[in-house]
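Let me begin by presenting the structure, written as structure tokens, before commenting on it.
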Amino acid sequence: MSALWYRFARSLVVGFCKLFWRVSVTGKEHVPATGPFILAPVHRSNVDFAIVAAVTTRRMRYLAKDSIWRFGLGRLWESLGAIPVARGTADREAMRQLEATLAAGDPVVMFPEGTRQTGPVVQPLFDGPAYVAARAGVPIVPVGIGGSEKAMPKGSKMLRPVKISIVVGPPLTPEARAEGARVPRRAVAELTASLKDEVQRLFDEAQAKVPA
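Plus 75 on top of the position in the sequence shown (first one is 1) and you've got the numbering used here.
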């Protein structure tokens, strides 16, 4: 993936988001300037993957459902940082790519709710982000996005010019463990619970910043 191409594509995407959705970002200071981390946003719309690019100029990789590769645009998505994942399975290849990306010092985006959800309540989270963070020893940065569900509701193919707000929270640090030691299930469960609370808090704050 060319860094120059990513920067160019990101500038176009973020520019559109700011003009069309008047995207604002609160809490950018919480995004690490260097080193790997997992960005964990709430998920209410197909446009969320584009919107979160506004939180940092750093190149990020994204977990994306493998079905989008069926339309012949796989190379394009991969050039923009997408990593295909087979949902509902233990996709070892996706895990390998995730760990390799983090080991190289780059951040990744994982939507902890999995697929898109609806409504103001954060749904039960998958343990994936917490497990990967604990295994790699990297922080999780929780993110709330307000307004994206109205911008492109689930099932809709049209974009609506509504206000969108992003609120980034302080990083959550996984429990330290000895090198090579297994990740305790308890530690993963506790980190997932903390992440859910933070994502809900940030989602509420982001929603309060956009018109009802």
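From the three backbone atoms N, C-alpha and C, an ideal C-beta is built for every residue, glycine too.
Every value quoted in this text rests on a predicted model; they were computed, and no experiment measured them.
Beta-carbon within less than 7 angstroms of residue i's beta-carbon, same chain only, minus the 5 sequence neighbours each way: which residues are those?
i: PRO286; result: LYS238
i: LEU277; result: PRO217, VAL218, GLY219, VAL242 and GLY244
i: LYS229; result: ARG191 and THR193
i: ARG133; result: PRO182
Are the CB atoms of residue i and residue j nearer to each other than 8 angstroms?
i: LEU270; j: PRO199; result: no
i: ALA169; j: VAL183; result: no
i: VAL196; j: GLU188; result: no
i: ARG191; j: SER120; result: yes
i: VAL117; j: VAL274; result: yes
i: TRP96; j: ALA175; result: no
i: ILE58; j: TYR137; result: This structure does not reach residue 58, given that the chain is present from 76 up to 287, and the question cannot be answered.
Please report the Cβ distance between residue i and residue j, rounded to the nearest whole angstrom; I am assuming they are in contact, meaning their Cβ atoms lie under 8 angstroms.
i: LEU173; j: VAL213; result: Wrong, their Cβ atoms sit about 10 angstroms apart, outside the cutoff.
i: PRO111; j: ALA262; result: Wrong, their Cβ atoms sit about 19 angstroms apart, outside the cutoff.
i: ALA208; j: LEU266; result: 7 angstroms
i: VAL130; j: LYS103; result: 6 angstroms
i: ALA139; j: MET185; result: Not a contact, Cβ separation roughly 11 angstroms.
My output table needs one value for residue i: the three-state DSSP class, helix, strand or coil.
i: SER269; result: helix
i: ARG252; result: coil
i: ILE126; result: helix
i: ALA115; result: strand
i: VAL274; result: helix
i: LYS93; result: helix
i: LEU173; result: helix
i: PRO204; result: helix
i: VAL183; result: strand
i: SER223; result: helix
i: LEU79; result: helix
i: LEU155; result: coil
i: SER86; result: helix
i: ALA283; result: helix
i: LYS232; result: coil
i: ARG136; result: strand
i: VAL263; result: helix
If you count every other CB in all the chains shown that lies within 10 Å of the CB of residue i, and 16 or more means buried, which is it?
i: PRO245; result: exposed
i: MET233; result: exposed
i: ASP272; result: exposed
i: LEU79; result: exposed
i: GLU224; result: buried
i: ARG257; result: exposed
Once you ignore the five residues that flank residue i on each side, which residues in its own chain have a CB closer than 8 angstroms to its CB?
i: THR109; result: GLY180
i: ASP202; result: VAL263, ALA264 and THR267
i: GLU250; result: ALA209, PRO259, ALA262, GLU265 and LEU266
i: HIS105; result: VAL216, VAL243, GLY244, PRO245 and PRO246
Keeping to the same chain, check which residues put their C-beta closer than 6 angstroms to that of residue i; ignore five residues upstream and five downstream.
i: GLY221; result: SER240, ALA281, GLN282, LYS284 and VAL285
i: VAL88; result: ALA125 and ALA128
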